[in-house]
Each structure stands twice: as structure tokens, then as C-alpha cells.
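Asker: Below is one structure. I have some questions about it.
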Amino acid sequence: MPLINMISERREQQARLIRNRKRLLTVLLAEVSVLAGIFSFLGVGTMSLQTRLERAQREIKRLQPTLDLIAKTERDTQALMPRLRTLTEAQQHTQRWYATINGIARCLPADVWLTGISSSQVQDSEKKGQTTLITLTGSTLTQQQVGEMMLRLNTIPTFEKVDLHFTQQRSYNNFETVDFEVAARMQTPEGEEGKDETGSS
Numbered sequence: 012m013p014l015i016n017m018i019s020e021r022r023e024q025q026a027r028l029i030r031n032r033k034r035l036l037t038v039l040l041a042e043v044s045v046l047a048g049i050f051s052f053l054g055v056g057t058m059s060l061q062t063r064l065e066r067a068q069r070e071i072k073r074l075q076p077t078l079d080l081i082a083k084t085e086r087d088t089q090a091l092m093p094r095l096r097t098l099t100e101a102q103q104h105t106q107r108w109y110a111t112i113n114g115i116a117r118c119l120p121a122d123v124w125l126t127g128i129s130s131s132q133v134q135d136s137e138k139k140g141q142t143t144l145i146t147l148t149g150s151t152l153t154q155q156q157v158g159e160m161m162l163r164l165n166t167i168p169t170f171e172k173v174d175l176h177f178t179q180q181r182s183y184n185n186f187e188t189v190d191f192e193v194a195a196r197m198q199t200p201e202g203e204e205g206k207d208e209t210g211s212s
């Protein structure tokens, strides 16, 4: 009888061992399938990323001429900026002088005749720099017309201040006239202190 019990125990151990092997094999197969799923997911993700990367590289190659054109345009624009700045400044100076001369022409009373107009640079003690001074010389019939002309000149936006240098009575062929000299100080635009704007006519 003891021999029969050992056989039954042995069979029981064999059955347990087979069950453990089956469990281990099942767990191993489950782990392998999980790993296979993870690897296939990563592989699909990698292939998707690779496809997107290739598509992006093709798009970059397609857009490269446009990017090169943009870079060339930016370089050309930077090269033209000094010329554009010079042109803009010249245009502003021209408009300023045109407004000044046009303003002088509109401000002259009927019986005032200009014999000279000149501009010069003078030291401005208030601004600690140079400013443009326009000197007008001419003739008229009365002192009152000189005063009226000065009042009108003060309305020109480019003038800061108008001063009378002198008036002098003269007689031409029994005709009384008043010679005058008036100086108008121009407003200096910001950033232009000390630039030379002299001239005469």
C-alpha cells in the first residue's frame, strides 16, 4: 500500500507540474503578444513619423525657391535702405522749402517787391546748434506795409520767428519808397540740427 500512495503523489506532482508549465506558457504567450503589440504600435508610429518627415522634406524642397527669393528680396531691401532714406530726407527738405517759398509768395502785400532772398546758417543759443535764417530784402511804399508783411510772415508754419533788421526811406525819381530787410528764423526739424542749408537768389 505505501507503494500506491507514492504513485498517486507522483501523479499529483506531475499534474501540478503540467499545470504550472501551462500557466507559465500562457503568461509567456501573453507577454510575447503584449510586446508584439507594443512593437507593432511603435513600428506603425515610426513609419507614420517617417512618412510625415519625408512629406515635410518634400515640402521644404518645393518651397526652397520661394524662401531663397524672400531672402534675396530682404537683402535687396536692406541694400536699398540708405538710398530710400536719402530720397525721403531730400523729399522732406524739398517740401519744406517749397512750403516756405510758397508761403512767402502768398504773404507779400500788393505793393511789396522783393529784391533778394538768401538763407544762411546761424548759431542758435537757445537750441545749442545751428538754425537756418532766411533774409528778405526789398522795397515798398510805406512802413505799414512792412509791418503787415512781417505779421503775415509769422503765419508761415516753417518760420519760428520774424525780425526786422532795418527800414530806410529812399527817393527814386521823386517817388518815395521804403527799403527793408527782414530775417525769418526757420524751425529746425528734429534730428537736423547743424545741417547746412545755405543759399541765395
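Under the working numbering, the first residue of the sequence shown carries the number 12, and numbering increases by one thereafter. Where is the CB? At the ideal position from N, CA and C, for every residue including glycine. Computed from a predicted structure; not experimentally measured.
Per DSSP, what kind of secondary structure is LYS172 in: helix, strand or coil?
Answerer: Correct three-state label for LYS172: strand.
Asker: Let me know the beta strand (DSSP E) ranges lying completely inside the stretch 134-172, each 3 residues or longer, listed in chain order.
Answerer: 140-151
Asker: Mind checking which residues open and close the beta strand (DSSP E) that includes ASP122?
Answerer: Premise fails: ASP122 is in no beta strand (DSSP E) and is neither H nor E.
Asker: Taking GLY158 and THR126 to be in contact with their CB atoms under 8 Å, please state how far apart those CB atoms are, rounded to whole angstroms.
Answerer: Their Cβ separation, rounded to whole angstroms, is 19 Å, which puts GLY158 and THR126 out of contact at 8 Å.
Asker: Can you list the beta strand (DSSP E) stretches of 3 or more residues lying completely in the stretch 23-84, in chain order?
Answerer: none
Asker: Assign THR143 to buried or exposed, taking buried as 16 or more other Cβ atoms, counted over all protein chains shown, within 10 Å of its Cβ.
Answerer: THR143 is classed as buried because its beta carbon has at least 16 other beta carbons within 10 Å across all chains shown.
Asker: Quick check on the burial criterion: 16 or more other C-beta atoms within 10 angstroms. Buried or exposed for THR111?
Answerer: buried
Asker: Does VAL193 pass the burial test, meaning 16 or more other C-beta atoms within 10 Å, or should it be called exposed?
Answerer: buried
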